[in-house]
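**Q** Under our numbering, the letters of the sequence shown match residues 251 to 388, in that order.
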Amino acid sequence: MGDIVKIYNDYKDRADFLTIYIREAHPLDEWQMKSNAKDKDDVCYTQPKTLAQRVAIANDFTQRFKYPLPFGIDEMNNAANDAYAAWPERLYIIDGNGSISYKGGNGPFKYDPKEVRAWLTQRYGERKQAEAARKSGS
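(1) Rounded to a whole number of angstroms, what is the C-alpha to C-alpha distance between residue 261 and residue 297?
(2) Helix, strand or coil for residue 323? Go by DSSP, reduced to three states.
(3) Just the Cα atoms here: how many angstroms apart are residue 352 and residue 279?
(4) What three-state label does DSSP hand residue 353 in the structure shown?
(5) Tell me the rounded alpha-carbon separation between residue 348 and residue 268.
(6) When burial is assigned at 16 or more other CB atoms within 10 Å of the CB, is residue 373 buried or exposed?
(7) Tell me, which residues are paired with residue 344 by DSSP?
(8) Taking the Cβ atom as the reference point for each residue, do residue 340 and residue 322 lie within a distance shorter than 7 Å?
(9) Spatial neighbours of residue 319 within its chain, please: CB distance less than 8 Å, with the 5 preceding and 5 following residues excluded, ordered by chain position.
(10) Classify residue 350: buried if its beta carbon has 16 or more other beta carbons within 10 angstroms, exposed otherwise.
(11) From 303, 274, 377, 357, pick the residue whose C-alpha is nearest to that of residue 294; which is it?
(12) Suppose the cutoff is 6 Å on Cβ atoms and the five residues either side in sequence are ignored; what does the same chain contact list for residue 338 look like?
(13) Along the chain, where does the beta strand (DSSP E) that runs through residue 270 open and close?
(14) Once DSSP output is grouped into helix, strand and coil, what is the label at residue 311?
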């Protein structure tokens with residue numbers, strides 16, 4: 251989450267951002283990973299069965315983590331997830347004409363915010379978070 255927030259802070263004056271909450275990847279009442287059971291942030295939920303439940307989970311997340319990006323919620327028919335093959339997580343860049351300019355790999359293993367930063371840097375130039383990291387030698 252941190253990389254996306256940094257990218258957002260750097261480029262929000264140049265590009266529009268939107269996070270869409272889709273169905274839970276590893277809900278408590280379905281398939282679980284061992285790492286979820288040890289989740290220190292206690293962000294494991296049951297799979298929402300109604301839009302109201304999905305909205306409540308999204309609100310909990312955005313408030314608890316002070317998530318600054320604009321946040322949308324997929325309908326219960328999972329239209330956004332199905333249209334963008336987003337599960338469990340994926341990054342896209344959609345240009346001003348509505349065409350997909352960048353389609354990231356499926357997370358978590360092929361989820362790479364650095365590719366999004368590189369695309370934005372090529373289009374808009376390097377921004378402050380990247381500049382600060384370069385100056386500090388990171």
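Backbone N, C-alpha and C fix where the C-beta goes; we use that ideal spot for every residue, glycine too.
**A** The short version:
(1) Taking the sequence shown and counting its residues from 1, the one referred to as residue 261 is at position 11. Taking the sequence shown and counting its residues from 1, the one referred to as residue 297 is at position 47. Going from the Cα of residue 261 to the Cα of residue 297 covers about 33 Å.
(2) Here residue 323 refers to the residue found at position 73 of the sequence shown. It is a strand residue.
(3) The count along the sequence shown starts at 1 and reaches residue 352 at position 102. The count along the sequence shown starts at 1 and reaches residue 279 at position 29. Computed Cα separation, rounded: 33 Å.
(4) As a working note, residue 353 is residue 103 in the sequence shown. Reduced to three states, the DSSP call for residue 353 is strand.
(5) Position 98 of the sequence shown holds residue 348. Position 18 of the sequence shown holds residue 268. The straight-line gap from Cα to Cα measures roughly 14 Å.
(6) Here residue 373 refers to the residue found at position 123 of the sequence shown. Counting Cβ neighbours within 10 Å, residue 373 comes out exposed, since fewer than 16 surround it.
(7) The residue you call residue 344 lines up with position 94 of the sequence shown. Residue 344 pairs with 350.
(8) In the sequence shown, the residue the question calls residue 340 occupies position 90. In the sequence shown, the residue the question calls residue 322 occupies position 72. Contact flag unset, no.
(9) Within the sequence shown, residue 319 is the residue found at index 69, counting from 1. Contacts found: 254, 255, 258, 267, 268, 269.
(10) Within the sequence shown, residue 350 is the residue found at index 100, counting from 1. Classification of residue 350: exposed, given that the 10 Å Cβ count is below 16.
(11) In the sequence shown, counting from the first residue as 1, residue 294 sits at position 44. It is 274 whose Cα lies nearest to the Cα of residue 294.
(12) Walking along the sequence shown from the start, residue 338 turns up at place 88. Around residue 338: 275, 357.
(13) What you label residue 270 is simply residue 20 of the sequence shown in a count that begins at 1. Start and end: 269 to 271.
(14) The residue labelled residue 311 in the question sits at position 61 within the sequence shown. It is helical.
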